[in-house]
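Q:
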Amino acid sequence: MNQDSNPIWTLISTFGLMSLFAVGGANAAIPEMHRIAVEVHHWMTDRQFADIYAISQLSPGPNVLIVTLIGYAVAGFGGALVATLAMCVPTAALAYYVGGLLGRSSHSRWPSMIQAALVPLSIGLMAASALVVAQAADRNWGAVIVTLGVAALAYATRLNPLYLLLAGGILGFAGVI
Amino acid sequence: MSSESPPAAIVAPEPPASTKSSPPGVITLFFAFARMSLAGFGGVLAFARHGIVEHHKWMTADEFNETYALCHFLPGPNIVNLSVVFGSRFAGIAGAIAAFAGLIGPPTLLVMILAVLYAHYGQVEFLRRILAGISCGAVGLLIAVVVKMLMPLVNRRDLVGLMMMVLVFAAIGLLRWPLQAVLLVAMPVSIGLTFIMRRRARA
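Chains as they are written, first to last, in the working numbering: chain A, 1 to 177; chain B, 1001 to 1203.
What follows is the structure, encoded as structure tokens:
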């Protein structure tokens, strides 16, 4: 398969592989998506990446749907569909297999040690995601203040995240950023 | 029940669910997951938990935690894994596909509509400003999640965990190395170190 001539194959191989390496879920894979979409393939600019991250967080459904937006930017509806399936199906198949293997005895014990070993990696990846998106987005003091303000509110209160996103949008509209 | 700690994303323990209702069929699974997914702004997990444990009473809180622990342990989007494991437990492969399709299908259509709108209007000035504000909010939410997940490691002075976290952050966030390469080294190292530390703690 010639990857240069057909971006669909690139989407399938990229996200199919990423699916199996996304330890800690979609938000942990954001830096890798940014690396591939902006730096390696030049599918979009930094700003567009920050935009689609915002759109994916604002819309309902699993966070993984940012790959739908990347796929659309690369190859329209076909790209959106292919990227979404490539990101979800390999890990879903693995989950089906492992779930069937281990889940039948309803009180099976999970290798808690492996889980304990992977949690710090997930946290490091998610912190990297925050940095990558922050660097891709518009940068000024207003942006820093809104970002840290939302972080503090989300940490200290039980406010619905959607309201915090909308508050960010209103502040942006008002020209704070 | 199981003795291991629940994954960091799960918070307070639930009051015990008294009764469980009968297992759902394929069509019910599809619509239940579609509803949870479309309600799930900023992550579906909380809505899935509410729907499965409290609303439908298909699982007890403990069963849900255990299923989620498996999905957290597997790579990929946790909630996608959850839909597949959950669906297959009630209705085999058809159930897995129904739950998966319900979770992914309707929001994917919605996101595609947003993609078209963005392609047409993404350069309009006031929409640009709104999106810039929302990205800041999204990053802020992510920072809050990171800090919440980090606190247990800080509180129990898990130096190995904190060190691995910083190394992965530096490799991916600062050096921008490829994910696969970093994880192929970091996973065995982290598992090995955790194993050694636990042995030493027991000795």
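Using N, Cα and C, we set each Cβ at its ideal position, and we do this for glycine too. In this text the structure is predicted, and so the values were computed from the model without any measurement.
(1) For the structure I just gave you, are there three or more beta carbon pairs, one from the segment 127–137 of chain A and one from the segment 26–37 of chain A, closer than 8 Å?
(2) For residue 1185 (chain B), would you say it is in contact with chain A, using Cβ-to-Cβ distances shorter than 7 Å as the test?
(3) Leaving out five residues on either side along the sequence, give the residues of the same chain with a beta carbon under 8 Å from the beta carbon of residue 1074 (chain B).
(4) Going residue by residue through the segment 14–61 of chain A, where are the continuous alpha helix (DSSP H) segments of at least 4 residues, counting only ones entirely within it?
(5) So residue 1152 (chain B) and residue 25 (chain A) are supposed to be a Cβ contact under 8 Å. How far apart are they, rounded?
(6) On the criterion of 16 or more Cβ atoms from any shown chain inside 10 Å, does residue 1031 (chain B) qualify as buried, or is it exposed?
(7) Where does residue 168 (chain A) fall in DSSP's three states?
(8) Report the residues of the segment 1117–1136 of chain B with a CB closer than 7 Å to any CB of chain C, ordered along the chain.
(9) Is it true that the CB of residue 1131 (chain B) sits closer than 7 Å to the CB of residue 138 (chain A)?
(10) Check each candidate in A:56, A:151, A:96 and A:19 and name the one with the smallest Cα separation from residue 1111 (chain B).
(11) Can you name the start and end residues of the alpha helix (DSSP H) that residue 1163 (chain B) belongs to?
(12) Could you tell me the distance, in whole angstroms, from the CA atom of residue 1123 (chain B) to the CA atom of residue 47 (chain A)?
(13) For chain A, is any of its Cβ atoms less than 7 Å away from the one on residue 1095 (chain B)?
(14) Would the segment 162–172 of chain A count as touching the segment 74–88 of chain A if we require 3 or more Cβ pairs under 8 Å?
(15) Residue 1186 (chain B) and residue 121 (chain A): beta carbons closer than 7 Å?
(16) Does any CB atom of chain A fall closer than 7 Å to the CB of residue 1076 (chain B)?
(17) Which residues in chain A sit within 7 Å of residue 1026 (chain B), going by Cβ to Cβ distance?
(18) Check the Cβ-Cβ distances between residue 35 (chain A) and every residue of chain B, and say whether any is below 7 Å.
(19) Suppose you measure from the CA of residue 34 (chain A) to the CA of residue 49 (chain A); what does that come to, to the nearest Å?
(20) Check the Cβ of residue 1029 (chain B) against every Cβ in chain A and list those closer than 7 Å, keeping chain order.
(21) Put residue 92 (chain A) into one of helix, strand or coil per three-state DSSP.
(22) Helix, strand or coil: which one does DSSP assign to residue 138 (chain A)?
(23) Consult DSSP for residue 1107 (chain B) and reduce its assignment to one of helix, strand or coil.
(24) Under a three-way DSSP split, which group does residue 1025 (chain B) fall into?
(25) With H, G and I counted as helix, E and B as strand and the rest as coil, what does DSSP make of residue 1156 (chain B)?
(26) I'd like the list of long-range same chain contacts for residue 1159 (chain B), defined as Cβ closer than 6 Å, with 5 residues on each side in sequence excluded.
(27) Tell me which same chain residues have a C-beta within less than 8 Å of the C-beta of residue 20 (chain A), skipping the five on either side of it?
(28) Along the segment 1–31 of chain A, what residues have a CB closer than 9 Å to any CB found in chain B?
(29) Look at the alpha carbon of residue 1169 (chain B) and the alpha carbon of residue 123 (chain A), and state the distance between them as a whole number of angstroms.
(30) How would you call residue 107 (chain A), buried or exposed, if buried means at least 16 neighbouring beta carbons within 10 angstroms?
(31) Per DSSP, what kind of secondary structure is residue 9 (chain A) in: helix, strand or coil?
(32) Just checking: is the beta-carbon of residue 155 (chain A) within a distance shorter than 7 Å of some beta-carbon in chain B?
A: From the atom records:
(1) yes
(2) Locating residue 1185 (chain B) in the second sequence gives position 185, where the first residue counts as 1. False, the Cβ-Cβ gap to chain A never drops below 7 Å.
(3) To locate residue 1074 (chain B), count along the second sequence from 1; it is residue 74. Within the same chain, residue 1074 (chain B) has close Cβ partners 1081.
(4) 30–34 and 46–58
(5) In the second sequence, the residue the question calls residue 1152 (chain B) occupies position 152. In the first sequence, the residue the question calls residue 25 (chain A) occupies position 25. At roughly 18 Å, the Cβ-Cβ gap does not stay under 8 Å, so residue 1152 (chain B) and residue 25 (chain A) are not in contact.
(6) Taking the first residue of the second sequence as 1, we reach residue 1031 (chain B) at position 31. Label assigned to residue 1031 (chain B): exposed.
(7) As a working note, residue 168 (chain A) is residue 168 in the first sequence. Looking at residue 168 (chain A) - three-state DSSP - the assignment turns out to be helix.
(8) The structure shown contains no chain C; its protein chains are A and B.
(9) By one-based count along the first sequence, residue 138 (chain A) stands at place 138. By one-based count along the second sequence, residue 1131 (chain B) stands at place 131. The answer is no: Cβ separation not under 7 Å.
(10) Numbered from its first residue, the second sequence carries residue 1111 (chain B) at position 111. Among A:56, A:151, A:96 and A:19, the Cα nearest to that of residue 1111 (chain B) is on A:56.
(11) Reading the second sequence from its first residue, position 163 is the one you call residue 1163 (chain B). Residue 1163 (chain B) -> alpha helix (DSSP H) spans 1159–1169.
(12) The residue you call residue 1123 (chain B) lines up with position 123 of the second sequence. The residue you call residue 47 (chain A) lines up with position 47 of the first sequence. Rounded to whole angstroms, residue 1123 (chain B) to residue 47 (chain A) spans 11 Å at the Cα level.
(13) Reading the second sequence from its first residue, position 95 is the one you call residue 1095 (chain B). With 7 Å as the cut-off, residue 1095 (chain B) does not count as an interface residue toward chain A.
(14) no
(15) Here residue 1186 (chain B) refers to the residue found at position 186 of the second sequence. Here residue 121 (chain A) refers to the residue found at position 121 of the first sequence. The answer is yes: Cβ separation under 7 Å.
(16) Your numbering for residue 1076 (chain B) matches position 76 in the second sequence. Cβ-Cβ to chain A under 7 Å: yes for residue 1076 (chain B).
(17) Position 26 of the second sequence, counted from the start, is the residue given in the question as residue 1026 (chain B). What residue 1026 (chain B) touches in chain A: nothing, since even the nearest Cβ is about 15 Å away.
(18) Position 35 of the first sequence, counted from the first residue, corresponds to residue 35 (chain A). With 7 Å as the cut-off, residue 35 (chain A) counts as an interface residue toward chain B.
(19) Numbered from 1 along the first sequence, position 34 holds the residue referred to as residue 34 (chain A). Numbered from 1 along the first sequence, position 49 holds the residue referred to as residue 49 (chain A). Distance between the alpha carbons of residue 34 (chain A) and residue 49 (chain A): 7 Å.
(20) Locating residue 1029 (chain B) in the second sequence gives position 29, where the first residue counts as 1. Those do not exist, as residue 1029 (chain B) stays about 14 Å from chain A at its closest Cβ, beyond 7 Å.
(21) Indexing the first sequence from 1 puts residue 92 (chain A) at position 92. Three-state DSSP puts residue 92 (chain A) in a helix.
(22) The count along the first sequence starts at 1 and reaches residue 138 (chain A) at position 138. Of the three classes helix, strand and coil, the one that applies to residue 138 (chain A) here is coil, per DSSP.
(23) As a working note, residue 1107 (chain B) is residue 107 in the second sequence. DSSP places residue 1107 (chain B) in helix when its eight states are reduced to three.
(24) By one-based count along the second sequence, residue 1025 (chain B) stands at place 25. Of the three classes helix, strand and coil, the one that applies to residue 1025 (chain B) here is coil, per DSSP.
(25) Translated into positions along the second sequence, residue 1156 (chain B) becomes position 156. Coil at residue 1156 (chain B), not helix or strand.
(26) The residue you call residue 1159 (chain B) lines up with position 159 of the second sequence. Result list for residue 1159 (chain B): empty, nothing under 6 Å.
(27) The residue you call residue 20 (chain A) lines up with position 20 of the first sequence. Taken in chain order, the residues that qualify are 90, 91 and 94.
(28) 17, 18, 19, 20, 21, 22, 23, 24, 25, 26, 27, 28, 29, 30 and 31
(29) Here the question's residue 1169 (chain B) lines up with position 169 in the second sequence. Here the question's residue 123 (chain A) lines up with position 123 in the first sequence. Distance between the alpha carbons of residue 1169 (chain B) and residue 123 (chain A) is about 8 Å.
(30) Residue 107 (chain A) sits at position 107 when you count from the first residue of the first sequence. For residue 107 (chain A), the predicted model reports a pLDDT of 47, less than 50, meaning its position is unreliable and no value from the coordinates is stated.
(31) Position 9 of the first sequence, counted from the first residue, corresponds to residue 9 (chain A). Looking at residue 9 (chain A) - three-state DSSP - the assignment turns out to be helix.
(32) Within the first sequence, residue 155 (chain A) is the residue found at index 155, counting from 1. Yes, residue 155 (chain A) lies at the interface with chain B (some Cβ there is under 7 Å from its Cβ).
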